[in-house]
Amino acid sequence: MATYNHLSTKTEIIAGFTTFFTMAYIIFIQPDMLALTGMDKKALIAVTCLVSGIITIFVGIIGKVPIAMAPGLGLNSFFTYTLVLGQKIPWQTALGIVFLSGFFFFILTIVGLRKKLLEALPKSMIYAITVGIGIFISFIGLKNLGLVVSNEATIVSLGKFNPTVLIGIGGLILAVSLEAFRIKGALLISIVTSTIIALIFGYTPLPEKIISTNIDLLPIAFKLDIISALKWSLIGPIFSLMFIAMFDGIGTLVGCYNKMGKMDDKSGTSGINRILALDAFGSMFGALMGTSTTTAYIESATGIEAGGRTGKTAIVTGLLFLSGLLFIPVIGIVPPYATAPALIIVGLFMTREIVNIDFTNLEEGFPAFITILMIAFSFSISTGLALGFISYTLLKLIKLRFSELNITLLIITVLCILFLIV
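When we follow my numbering, the leftmost residue of the sequence shown carries the number 1364, and every step to the right adds one.
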């Protein structure tokens, strides 16, 4: 028995390292993206490591599963581009929106309404939201890379192939190649390699220190403004963020539980509910600390593949995130064009869901198509969701398919209309 425990613990530790290396790219991407709102980048690095570490450890201790959590891609783009840059909402108020969306998500989960809400929504729309956000994230990646630039005549055009763009393209080729060979930590390797090349040629500065214990969270911690977020005009963003977090979290957890072979167990559903409650709590905690919505990461599946089956894996991953607090000076020098390939690749992974949408059925395909287009091209996830749900309900009414509508969908549609006109 002692030998088995030793081998089991060793396997869980390896699995924890595997999960961390496949999702550590968020430590570099999250601060870059949220810093566009005016938030302090060094504080964002610290908060990303802290929140990811603590919530993942909680999942390991309370949930007893090998699943890691961190601020989500798509969710952070919603925070930055839709709320702050798009709607000109102060980042403090945007953090209040994150907190409230997490709070409502938590309530829906513990009272058992989450399942009913998801069953009331059309599957095609759920897939379309994921695809739209994937294209949106990839476009942001192309923009950060410098491969796509604004153009007054054509809206966007191809950027110039200057040295930093070439470094980014090299990182993208490396990331795709490593992913094609199923190399663990492909995105992290790409980010680190691109940054080293940029350092060698002087396109990014050397860090002042390698290790630092000077951790300052004060510029963003506890700065959220919940009162300002409690406005009728912000109900749409609050519930949009809640829906996105819910779809993202459930999809990831179902995938991970299937890989562990637990979905057929009676503990499967209750286990997912418990982790979703932690997910929602993580979003509230993250907002208090000063970051966007947290979610479970599908990269946890790599740790499960490596043999992770218990909370020990998550605890190891969480501790590795916390260790990142010591390397803030190094993380801070990583340029946006080095992290851009990771955005493009993650966007690709999300876009795979398009195969689940039946575009031959216009009642399902057209609303999904509008959702995808408007999320990507209006640079607003909320707008895409609103127009998608409105068009879905409108088509069902035109076709007199009243039985395919439900009170939840009708309420969401009314809220979407109010969101667009108020």
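From the three backbone atoms N, C-alpha and C, an ideal C-beta is built for every residue, glycine too. Please read these numbers as outputs of a predicted model, since none were measured by experiment.
Other residues of its chain near residue i: CB distance less than 7 Å, five sequence neighbours each side excluded
| i | result |
| --- | --- |
| threonine 1472 | Asn1636, Leu1639, Ala1640 and Ala1643 |
| alanine 1491 | Ile1720, Ala1731, Thr1734, Ile1735 and Gly1751 |
| phenylalanine 1441 | Leu1604, Ile1607 and Ile1744 |
| serine 1345 | Since the first residue shown for the chain is 1364 and the last is 1785, residue 1345 is missing from the structure and cannot be characterised. |
| threonine 1746 | Met1737 |
| leucine 1781 | none |
| valine 1709 | Leu1436 and Ile1500 |
| alanine 1406 | Asp1579, Leu1580, Pro1582, Ile1583 and Gly1653 |
Beta-ladder partner(s) of residue i, from DSSP
| i | result |
| --- | --- |
| proline 1730 | In the DSSP output, where bridge partners are listed per residue, proline 1730 has none listed. |
| asparagine 1350 | Residue numbering for the chain in the displayed model covers 1364 to 1785; residue 1350 lies beyond these limits and cannot be assessed. |
DSSP state of residue i mapped onto helix, strand, coil
| i | result |
| --- | --- |
| valine 1494 | helix |
| leucine 1574 | Sequence check: residue 1574 is isoleucine here, not leucine. Looking at isoleucine 1574 - three-state DSSP - the assignment turns out to be coil, as it is neither helix nor strand. |
| threonine 1658 | strand |
| glutamine 1393 | helix |
| tyrosine 1388 | helix |
| glutamine 1450 | coil |
| leucine 1581 | coil |
| leucine 1685 | helix |
| aspartate 1403 | coil |
| threonine 1567 | coil |
| glycine 1465 | helix |
| arginine 1477 | helix |
| phenylalanine 1722 | coil |
| alanine 1643 | helix |
| glycine 1459 | helix |
| threonine 1756 | helix |
| threonine 1673 | coil |
| leucine 1484 | coil |
| leucine 1363 | Since the displayed the chain opens at 1364 and closes at 1785, residue 1363 lies outside it and no answer follows. |
| glycine 1631 | Caution applies to glycine 1631, whose pLDDT of 49 falls short of 50 and renders its modelled position unreliable; the model cannot decide the point. |
| serine 1741 | coil |
| glycine 1416 | helix |
Own chain, CB closer than 6 Å to residue i, minus 5 neighbours either side, in chain order
| i | result |
| --- | --- |
| proline 1811 | Because the chain spans 1364 through 1785 in this model, residue 1811 falls outside it and cannot be assessed. |
| isoleucine 1574 | Leu1689 |
| leucine 1748 | Ser1603 |
| isoleucine 1377 | Ala1669 |
| isoleucine 1775 | Phe1752 |
| glycine 1599 | Ser1745 and Phe1782 |
Whether residue i touches residue j by CB criterion (8 Å)
| i | j | result |
| --- | --- | --- |
| valine 1447 | proline 1434 | no |
| isoleucine 1424 | isoleucine 1678 | yes |
| cysteine 1801 | alanine 1669 | Here the chain covers residues 1364 to 1785 and nothing more, so residue 1801 does not appear. |
| valine 1697 | phenylalanine 1383 | no |
| methionine 1800 | leucine 1535 | With the chain running from 1364 to 1785 in the structure shown, residue 1800 is simply not present. |
| proline 1699 | asparagine 1507 | yes |
| phenylalanine 1701 | tyrosine 1388 | Per the sequence presented here, residue 1701 reads as alanine, with phenylalanine not at that position. Cβ atoms of alanine 1701 and tyrosine 1388: not closer than 8 Å. |
| threonine 1658 | leucine 1438 | yes |
| phenylalanine 1352 | glycine 1416 | The first residue shown for the chain is 1364 and the last is 1785, placing residue 1352 beyond what the model contains. |
| leucine 1562 | isoleucine 1552 | no |
| glycine 1533 | glycine 1522 | no |
| leucine 1778 | alanine 1483 | no |
| lysine 1586 | glutamine 1455 | yes |
| leucine 1713 | valine 1461 | Note on identity: in this sequence residue 1713 is methionine, with leucine being the wrong assignment. Not a contact, by the Cβ cut-off of 8 Å. |
| methionine 1647 | glycine 1465 | yes |
| threonine 1654 | leucine 1397 | yes |
| threonine 1680 | glycine 1379 | yes |
| leucine 1550 | alanine 1538 | yes |
| glutamate 1662 | methionine 1402 | no |
Residue range of the unbroken alpha helix (DSSP H) whose run includes residue i
| i | result |
| --- | --- |
| alanine 1703 | 1699–1714 |
| asparagine 1621 | 1598–1623 |
| proline 1526 | 1526–1543 |
| isoleucine 1694 | 1691–1694 |
| leucine 1773 | 1770–1784 |
| lysine 1547 | Neither: lysine 1547 is in no alpha helix (DSSP H) and is coded neither H nor E. |
| serine 1591 | 1589–1592 |
| glycine 1666 | 1663–1668 |
Limits of the beta strand (DSSP E) - the one that residue i falls within
| i | result |
| --- | --- |
| proline 1434 | 1432–1434 |
Contacts around residue i, its chain only, beta-carbon distance under 8 Å, and the 5 residues preceding and following it disregarded
| i | result |
| --- | --- |
| leucine 1463 | Ile1589, Ala1592, Leu1593 and Ile1601 |
| methionine 1432 | Ser1415, Ile1418, Thr1419, Val1422, Leu1641, Asp1642, Gly1645, Thr1657, Thr1658, Ala1659 and Tyr1660 |
| leucine 1711 | Gly1497 and Ser1501 |
| lysine 1622 | Ala1664, Ile1667 and Glu1668 |
| isoleucine 1694 | Ile1390, Phe1391, Pro1394, Ile1408 and Gly1687 |
| glutamate 1375 | Pro1429, Gly1670, Gly1671, Arg1672, Thr1673, Lys1675, Thr1676 and Val1679 |
| leucine 1569 | Leu1562 and Ile1696 |
| asparagine 1525 | Gly1509 |
Cβ of residue i within 8 Å of any chain B Cβ
| i | result |
| --- | --- |
| serine 1440 | Of the protein chains in this structure there is only one, and it is not chain B. |
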